[in-house]
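Residue numbers (our numbering), protein chains in the order written: chain A, 1089 to 1200; chain B, 198 to 312.
Where is the CB? At the ideal position from N, CA and C, for every residue including glycine.
Quick caveat, the model's predicted, so the values are computed rather than measured.
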Amino acid sequence: GDSVTQMEGPVTLSEEAFLTINCTYTATGYPSLFWYVQYPGEGLQLLLKATKADDKGSNKGFEATYRKETTSFHLEKGSVQVSDSAVYFCALSVSNNNDMRFGAGTRLTVKP
Amino acid sequence: GAGVSQSPSNKVTEKGKDVELRCDPISGHTALYWYRQSLGQGLEFLIYFQGNSAPDKSGLPSDRFSAERTGGSVSTLTIQRTQQEDSAVYLCASSLDSPGLTEAFFGQGTRLTVV
């Protein structure tokens, strides 16, 4: 079935470090791909998305490129801040199903 | 409403009792999703509604779990004869249409504790 696999955490970085959180997917159709973020004490919210191959989603300094050849959608940020500490979820949606499947989540802690 | 509303926010129940969790999606959103988030685990897909129909119920963990949606709006997730392993945060989300086109908005969740 359709699924996403993301790197296990937790990930701990120092402020201004480079961040990569890996995400790969398996889908029978042509999925849309998402990164959602859950800040401490808050609900999940959309961070960025890409709906077709080679699209790049970006928001708040985060980027992810939809790579069909490697079935990946890795999340990157060049310089993380303490305020980026959160749990990050990779997700996909396949158009013929319209439901959304999430990865296990990766907890990021950024230390000053 | 302004956002997805879930109630109750917290529920403590005794093993063997039935519980009903409610989700009030954003007005006009046709798609509605239920997920379960267990401690230290990711989001487990439970069920998805398009309007009042649930095309995919495969995520429901057992026949003790059921969900319905009426009037294309409010949804209830019912767990019968609760077990301790049902303890988790149950999340509801809604989107205007296909999540590939529009953002899914999440509620704050219902934290269920079975004692």
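Contacts around residue 312/B, its chain only, beta-carbon distance under 8 Å, and the 5 residues preceding and following it disregarded: Scanning its chain for C-beta atoms nearer than 8 Å, with the 5 sequence neighbours on each side dropped, one finds around residue 312/B the residues 209, 210, 211, 212 and 281, in chain order.
Proximity below 8 Å, CB of residue 1092/A to CB of residue 1155/A: No, the Cβ-Cβ distance between residue 1092/A and residue 1155/A is not below 8 Å.
Buried versus exposed, by CB contacts within 10 Å (16 or more), residue 1179/A: Buried: at least 16 other Cβ atoms inside 10 Å.
Alpha-carbon spacing of residue 227/B relative to residue 283/B, whole angstroms: Here the alpha carbon of residue 227/B sits roughly 27 Å from the alpha carbon of residue 283/B.
Any chain A beta carbon closer than 8 Å to residue 282/B: So no, residue 282/B is outside the interface.
Near-chain B residues of the region 1165-1194 of chain A - C-beta to any C-beta below 7 Å: Here the close residues are 1177, 1181, 1183, 1185, 1186, 1187, 1188, 1189, 1190, 1191, 1192 and 1193.
Cβ pair residue 1192/A, residue 1125/A closer than 8 Å: Contact flag unset, no.
Three-state secondary structure (DSSP) of residue 277/B: In the structure shown, residue 277/B sits in coil (DSSP, three-state: anything other than H, G, I, E or B).
Residues bridged to residue 223/B (per DSSP): DSSP output for residue 223/B lists no bridge partner at all.
CB contact flag (residue 287/B, residue 306/B, <8 Å): Yes, they are a contact pair.
For residue 1189/A: DSSP bridge partner residues: Its beta-bridge partners are 1180/A.
Cutoff 8 Å: residue 1131/A Cβ touching any chain B Cβ: Under the 8 Å criterion on CB atoms, residue 1131/A is classed as interfacial with respect to chain B.
Neighbour-count burial assignment, residue 1102/A, 16 or more Cβ in a 10 Å radius: Answer is exposed; the Cβ neighbour count stays below 16.
Distance, residue 1095/A Cα to residue 1141/A Cα: About 21 Å.
Contact set between residue 300/B and chain A, taken where Cβ atoms lie within less than 9 Å: In chain order: 1122, 1133, 1134 and 1137.
Residue 253/B in three-state terms, based on DSSP: In this structure, residue 253/B counts as strand in the three-state DSSP scheme.
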